[in-house]
Amino acid sequence: MLLALLRQYIRPYRRLVAALMVLQSISTLASLYLPTVNAAIIDDGVSQGNTAAIVRLGGVMLVVTGLQALCAVGATYLGSRTGTGFGRDLRAAMFEHVITFSERETARFGAATLLTRSTNDVRQIVFLVQMTATVLVTAPIMCVGGVVMAIHQEAALTWLLLVSVPVMAVANFWIISHMLPLFRSMQRLIDGINRVLRDQLSGVRVVRAFTRENFERDKFAKANYALSNAALSAGNWQALMLPVTTLTINLSSVALIWFGGLRIDRGQMQVGSLIAFLAYFAQILMAVLMATMTLVVLPRASVCAERITEVLSTKPAVQSPQQPDFPQRGITGVVRLDGVTFTYPGADFPVLQDISFTARPGTSTAVVGSTGSGKSTLVSLICRLYDVSDGSVTVDGVDVRDYDTERLWSAIGLVPQRGYLFSGTVADNLRYGAADATDEQMWDALRVAGAEDCVRPHGLQMRVAQGGINFSGGQRQRLAIARAVIRRPAIYLFDDAFSALDVHTEARVRRALREEAADAATVIVTQRISTAAQADTVIVVDDGRIVGCGSHQSLLVDCPIYAEFAASQSVNTVLGGAQ
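Residue numbers (this note's numbering): 3 to 581.
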């Protein structure tokens, strides 16, 4: 998975990688040539007192060193550009794919793990790319070239390489094999600690209201302790790698000096050759060490690549068809549900069964029912956040599954129960509904939603904190209503969108909406009978089935469940007194 991911997202940087490889090749070859020049200076210059040779060879060494340094700097720069570009593209691909997810995929992964995979996991792979860019050509050329040059200097000592390099490789492989499962566990634990933090920050008011700080503190401590233990175990194995490598290098160097000294004493080898061989020996082991350090990062990057690939390979359950259909006259807003049944993934029983009704332009339809009866699910099916299990949902006679999703959603103004606001300004949030909206249009939408008074003192550039936490619940709902109104949709879907408004404010907003949405189909999910009473048609849902359909007055007589709702809210009494 890691190789496939690298191959796909490195492709745009092929020229940079090619230039990087050329610069690394020149830099490495220059590094390999330096010990030979140094040996010549010692043997031909210092040993024989030849000053001219020392100056000449010293100049050559200076030029080669300058070339090596220049190429190394260039390779580092290109490696950084490649790594950062790769990371940018991969993060963008993750974001573009995640925003296509339906409710099903989002719930399957969870927000915490999607956030971790898009940031921390990508960063681990970028780190591997940057390290690989450093040793991509350097390590193999230095290793092979070092062996060749070492043999050229003194073939009799090359047996030391045949012993030390395999010992180092086997020891490091053994360590890495123990690190891989620990890194996989660490990534899961990072997801867990992010999930705990997200819950605590989102529900901080509830935590304080119920004095559950100690419970949440213990919950975080357990997650933190588990992560620290896994990180400590992985760190212990990783820390073992450097001493093993250093010990191998030092023992090999001592052995090399010992046996090299014996050969010099016998007159079989020159001092310069021993120094050059020692330098090549160090370069070979350094190449192995660089490759080993890359292998240290490899297990964690491999795990991260698996997690990222899992997200990128997940196909959204809700997708636009290859040949989408669309009404020739545009969407007018005739919404029809015909025998709709829906079961959530993994559930044993359907949440909606055999639901049929029609909402027409210029009319309002209220959906009433107890908590858990499937009202909000019904709204999700109309705007195709989920696809029906059986039956059909059509808009202007076209099944919503046959629409291009963007065109379908552009004709719908959805106001969820929890009116989420994005960080930025009021104007930024309103432009989610209409990107090219003018100030006049925004003020008009705020007026319809009854939010003009709370925005007017600070203007449209009033700051909005993440989630709109600097606004009250009612203000957030009204701003969410304004965001839907400003796009002038053919279909309005209000999912208990007036629950945080007091009765008088709701009545004022409903009057303004009635004028604004006079030509649109309006579906209102509510538990307030006072809201449902103003709708043209009221649909009563109980346990996923329609148990009543008609006007408010007719349902009071014909539908016992609706009459019970009304009685519990004293609506029928109030209406009877008014009559």
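A virtual CB, placed ideally from N, CA and C, is assigned to each residue, including glycine.
- With respect to glycine 81, leucine 8 sits apart: the two C-beta atoms are not nearer than 7 Å.
- The straight-line gap separating the alpha-carbon atoms of arginine 219 and arginine 125 is approximately 29 Å.
- DSSP lists Leu416 and Val525 as the bridge partner or partners of leucine 495.
- Between isoleucine 357 and leucine 339, the beta carbon gap of about 5 Å places them in contact (Cβ cut-off 8 Å).
- In this structure, the alpha-carbon of glycine 205 lies about 24 Å from that of asparagine 122.
- DSSP places glycine 461 outside both helix and strand once states are collapsed to three, so it counts as coil.
- When secondary structure is reduced to three states using DSSP, leucine 184 falls in the helix class.
- Annotated as distal: proline 326 and aspartate 389, with beta-carbon spacing of 7 Å or more.
- In the assembly as shown, valine 172 is an exposed residue. Its beta-carbon has fewer than 16 other beta-carbons within 10 Å.
- Residues of the same chain with a CB within less than 8 Å of the CB of threonine 427, apart from the 5 flanking positions on each side, are Leu462, Gln463, Met464, Arg465 and Val466 in chain order.
- According to the DSSP secondary-structure assignment, isoleucine 541 is paired through a beta bridge with Val369 and Cys551.
- Taken atom to atom, the span from the alpha-carbon of threonine 365 to that of isoleucine 12 is near 55 Å.
- In the same chain as alanine 535, and ignoring 5 residues on each side of it, the C-beta atoms closer than 6 Å to its own belong to His554, in chain order.
- In the DSSP annotation of this structure, leucine 138 is not part of any alpha helix (DSSP H), being labelled neither H nor E.
- Between leucine 184 and alanine 236 a beta carbon distance of about 4 Å is seen, short of the 8 Å cut, so the two are scored as contacting.
- A contact is defined here as three or more CB-CB pairs under 8 Å, and the stretch 485 to 501 meets this definition with respect to the stretch 404 to 420.
- Aspartate 392 counts as exposed, since fewer than 16 other C-beta atoms from the protein chains shown sit within 10 angstroms of its C-beta.
- Taking the C-beta atoms as reference points, valine 128 is found nearer than 7 Å to glycine 85.
- The continuous beta strand (DSSP E) containing serine 358 extends over residues 354 to 361.
- DSSP, reduced to helix, strand and coil, places phenylalanine 217 within a helical segment of the structure shown.
- Of all alpha-carbon atoms in Arg265, Thr367 and Leu297, the one lying nearest the alpha-carbon of phenylalanine 496 is that of Thr367.
- The DSSP-derived three-state label of arginine 338 is strand.
- Going by DSSP, aspartate 392 is part of no alpha helix (DSSP H) but of the beta strand (DSSP E) stretching over 392 to 397.
- Listed in chain order, the non-local C-beta contacts of glycine 341 below 8 Å within the same chain comprise Asp356, Ile357, Ser358, Asp392, Gly393 and Ser394, local neighbours out to five positions each way being set aside.
- Alanine 453 places its beta carbon 7 Å or farther from that of leucine 432.
- Taking 7 Å as the cut-off, the beta carbon of alanine 502 is found closer than this to the beta carbon of glycine 475.
- Apart from the 5 residues on each side of it in sequence, glycine 470 sits with its Cβ closer than 6 Å to the Cβ of Leu423 and Arg478 in its chain, given in chain order.
- Secondary structure of glycine 376 (DSSP, three-state): coil.
- A distance below 7 Å between beta-carbons, with the five flanking residues on each side excluded, links isoleucine 44 to the following residues of its chain, in chain order: Val273, Gly274 and Ile277.
- With contacts defined by Cβ atoms closer than 7 Å, glycine 546 and leucine 354 form a contacting pair.
- For the pair arginine 207 and alanine 114, the CB atoms are not nearer than the 7 Å cut-off.
- For serine 27, the uninterrupted alpha helix (DSSP H) segment begins and ends at 16 to 42.
- Here glycine 89 is not near tyrosine 282, since their CB atoms are 7 Å or more apart.
- Counting only residues of its own chain and dropping the five nearest sequence neighbours on each side, glycine 335 has a CB closer than 7 Å to the CB of Pro363, Ala492, Ile493, Ala522 and Ala523.
- Between alanine 349 and arginine 106, the C-beta gap is not smaller than 7 Å, which leaves the two residues out of contact.
- Counting along the chain, the unbroken alpha helix (DSSP H) around methionine 63 starts and ends at 53 to 100.
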